[in-house]
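Participant: Sharing a structure below in structure tokens format, with a few things to ask.
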Amino acid sequence: MFDYVIPTPIRPSLPVKGTSERFPVRRIYCIGRNYADHAIEMGHDPEKEPPFFFQKNAENIDSSGEFPYPPETNDVHFEVEMIVALKRGGANIEIADAMQLVFGYGVGLDMTRRDLQGEMKKLGRPWEIGKAFERSAPMGPLVSINETGQLDSGVISLSVDGTVRQNGDLNQMIWKVPEQIAYLSRFYDIAAGDLIMSGTPAGVGSIHLGEVMECRVDGLDPFVVKVV
Ligand code: MN
């Protein structure tokens, strides 16, 4: 195709359970305040808002099981989320057709520099500095939907050093996964390789050096991340 003037950056990817092949990642769309009890804890009324999304970079993914405490912050929060991986894309997808685009699921973390995010909110500025930083998207392996079936109910939880901190149910999502896909596809050309982080239940909080986070979604293997 082309010769490049510098070495081409490596395409970020995720392992796929039960295979040596990997899932190449394009964009990461993250929905905000998608569980009512989390919206309330963040000081918002969950009933009145249409969905909104922000993005992380594919390069922010990390599957190592270690999360280095990031720079320029004193308040890093965990947010456990179910990941939805797309094998096809399009524009103006109907809700009824949306699940045909789904390759599979994973469990991961939307790590957040909450202090920086809060400052940006106050100033009416973009959130990237709080959300899209190095290794801010720890994620476990993806699992094909052929193995899991559709995951729209079941426990989503996170414990820190064995103490449960977040504990919700996938059925508490305000905007369900097919609705998220359909909504995104009105505004963007979504495509194979895109990931959607589908929101976090209540209980988000700070992590500290040495702590171990265990992330669970019913139907998927637990994903364990240590803060280093
Ligand atoms: Mn989140």
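So the sequence shown is numbered by my numbering: it starts at 5 and just counts up by one.
Every residue gets a Cβ at the ideal spot worked out from N, C-alpha and C, and that includes glycine.
Here the structure is a predicted model, which means the values were calculated and not measured.
Looking at the secondary structure, which residues open and close the beta strand (DSSP E) in which Thr167 lies?
Facilitator: Run containing Thr167: 167-173, per the beta strand (DSSP E) assignment.
Participant: Using beta-carbon positions only, say whether Val181 and Asn171 come within less than 8 Å of one another.
Facilitator: no
Participant: Per DSSP, which one or two residues make a beta bridge with Phe137?
Facilitator: Paired residues: none, contrary to the question.
Participant: Among Arg118, Val80, Phe27, whose alpha-carbon lies nearest the alpha-carbon of Lys91?
Facilitator: Phe27
Participant: DSSP state of Tyr187, grouped into three classes?
Facilitator: helix
Participant: Start and end of the beta strand (DSSP E) containing Gly122?
Facilitator: Run containing Gly122: none in the beta strand (DSSP E); it sits in the alpha helix (DSSP H), 118-127.
Participant: Is Met201 near the ligand MN, in the sense that its beta carbon is under 7 Å from a heavy atom of that ligand?
Facilitator: yes
Participant: Secondary structure at Glu132, three-state DSSP: helix, strand or coil?
Facilitator: helix
Participant: Quick one: is Ala102 buried, meaning 16 or more other Cβ sit within 10 Å of its Cβ, or exposed?
Facilitator: Under this definition Ala102 is a buried residue.
Participant: Among all the DSSP beta bridges, which residues are the ones paired with Lys234?
Facilitator: Nothing can be reported for residue 234, as the shown portion of the chain is limited to 5 through 232.
Participant: Who pairs with Gln59 in a beta bridge, going by DSSP?
Facilitator: Tyr33
Participant: In or out: Tyr8 buried (at least 16 other Cβ within 10 Å) or exposed?
Facilitator: exposed
Participant: Taking the alpha helix (DSSP H) that His42 belongs to, which residues open and close that run?
Facilitator: 40-45
Participant: When the Cβ atoms of the stretch 119-139 are set against those of the stretch 200-218, are three or more pairs found closer than 8 Å?
Facilitator: no
Participant: Going by DSSP, name the residue or residues bridged to His81.
Facilitator: Thr116, Ser210
Participant: Do Glu83 and Val164 have their C-beta atoms within less than 8 Å of each other?
Facilitator: No, the Cβ-Cβ distance between Glu83 and Val164 is not below 8 Å.
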